[in-house]
Amino acid sequence: MHIPDGFLSTPVWMVTDAAAVVAVGFALKRVSGKLEERQVPLMGVMAAFVFGAQMLNFPIVGGTSGHVLGGLLTALLLGPEASVIVLTVVLIVQAFLFGDGGILALGANILNMAVIGTWLSYGIYRWLESHWERGRRHGTGNKGAEVVAIALAAWLSVVLSAVACALELALSGTAPLTAIMPLMAGIHAIIGVGEALVTVAAVNFVKRMRPELVRGGRG
Amino acid sequence: MTAKTGWLSVSIVVIATLTLLPFASKLPDGLERVAETLNFSEREQLLHRAPLHNYALPQLSGYAGEALAAFLGILLVAGIAFLLGKVLARGRG
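Top to bottom, those sequences are chains S and C.
When we follow my numbering, the leftmost residue of the first sequence carries the number 38, and every step to the right adds one.
When we follow my numbering, the leftmost residue of the second sequence carries the number 181, and every step to the right adds one.
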């Protein structure tokens, strides 16, 4: 869902560019001096994973395709702030070197995929998880609850990114909100199932191989 | 994770991506599909000619070009994120 140049009105790209600078600046400030040495190589690995995964479109219904965003997975492994930075690096390289996503629209794409699709979905995961933890203390929680929390937050990361994208395009006068919102949300509700499957599978894989890496950025 | 494990993992990502690349769908993505449906695709403007536009090398067509673009892209983002991580980890303590 990389927005190209020309789709956003000047006020919308200006505001989203400014918001992205503030959000990424905040993430950099929060993580600066706090990133652990052992997380440094993982920053590179996750950037590689996100870039690779975003090249691998899978077909969905109606002659449309989608790809994994990787925001929640990165946040689960590195913490949300470092994840915003990893996704932002990928989006900048995609825009300038590969023409995927516009230059003026870069802020909107960072806001949708790196901030909303990462930070917000991680917040949702933590919220769901805290309810699960409480349930477990009362003896009502179950092992499947964490998988459900990851799957739901991963699905929402794609859907909420798409909702934000639809709002920006509607505010730009590119398409009426009532037309674009159900289409963007509907298509990405299907693509989000792929995101949920890949995120759950990847977390399980990392937990088996390197359990200490999962939620290593927590704290 | 050590730097060695990191680069080994990046190599695995490269191999996995290059293996799956021929099976990647060429169909329009969600936003491109919506832009076609709602007739605003033609608003797209190219403000900057990206050297590897559409994940392809101008001199190399087909899988070879795409694979090389993927390889370069993965290595570049991994290198930038790794160096950025090094800077961000500095002064910790």
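Idealized CB from N, CA, C, for every residue including glycine.
Quick caveat: nothing in here was measured; it's all calculated off a predicted structure.
Item: Chain-ordered neighbours of S/ALA233 on chain C, where CB pairs are closer than 7 Å; Value: In chain order: nothing, as chain C lies at least about 16 Å away.
Item: Closer than 7 Å to chain S by CB, C/ILE254; Value: yes
Item: In chain order, each alpha helix (DSSP H) run of at least 4 residues that lies wholly inside the segment 190-257 of chain C; Value: 210-217
Item: CB contact below 7 Å: S/THR53 versus chain C; Value: no
Item: Cβ shell of S/ILE227 (< 6 Å), same chain only, five flanking positions each side left out; Value: ILE97
Item: The alpha helix (DSSP H) enclosing S/ARG245, as first and last residue numbers; Value: 214-246
Item: Anticipated Cβ contact below 8 Å, S/MET38 with S/CYS202, distance rounded; Value: 5 Å
Item: 7 Å Cβ cutoff, S/PRO78 in contact with chain C; Value: yes
Item: S/ARG245: contacting residues in chain C (beta-carbon distance under 7 Å); Value: The contacting residues do not exist; S/ARG245 stays about 15 Å from chain C at best.
Item: Listed by chain order, chain C residues near S/THR211 by CB distance under 7 Å; Value: PHE220, ARG223
Item: Beta-bridge pairing of S/PRO96 - partner residues as DSSP gives them; Value: S/SER102
Item: Boundaries (first-last residue) of the alpha helix (DSSP H) holding S/GLN76; Value: Note, S/GLN76: premise wrong, no alpha helix (DSSP H); not H, not E.
Item: Stretch pair the segment 156-173 of chain S + the segment 111-118 of chain S: three plus CB contacts closer than 8 Å; Value: yes
Item: Chain C residues whose Cβ lies nearer than 7 Å to that of S/GLY100; Value: LEU207
Item: Unbroken alpha helix (DSSP H) run spanning S/ASP54, endpoints; Value: 47-68
Item: For C/LEU232, the nearest candidate out of C/GLN225, C/GLU224, C/SER241 (CA to CA); Value: C/SER241
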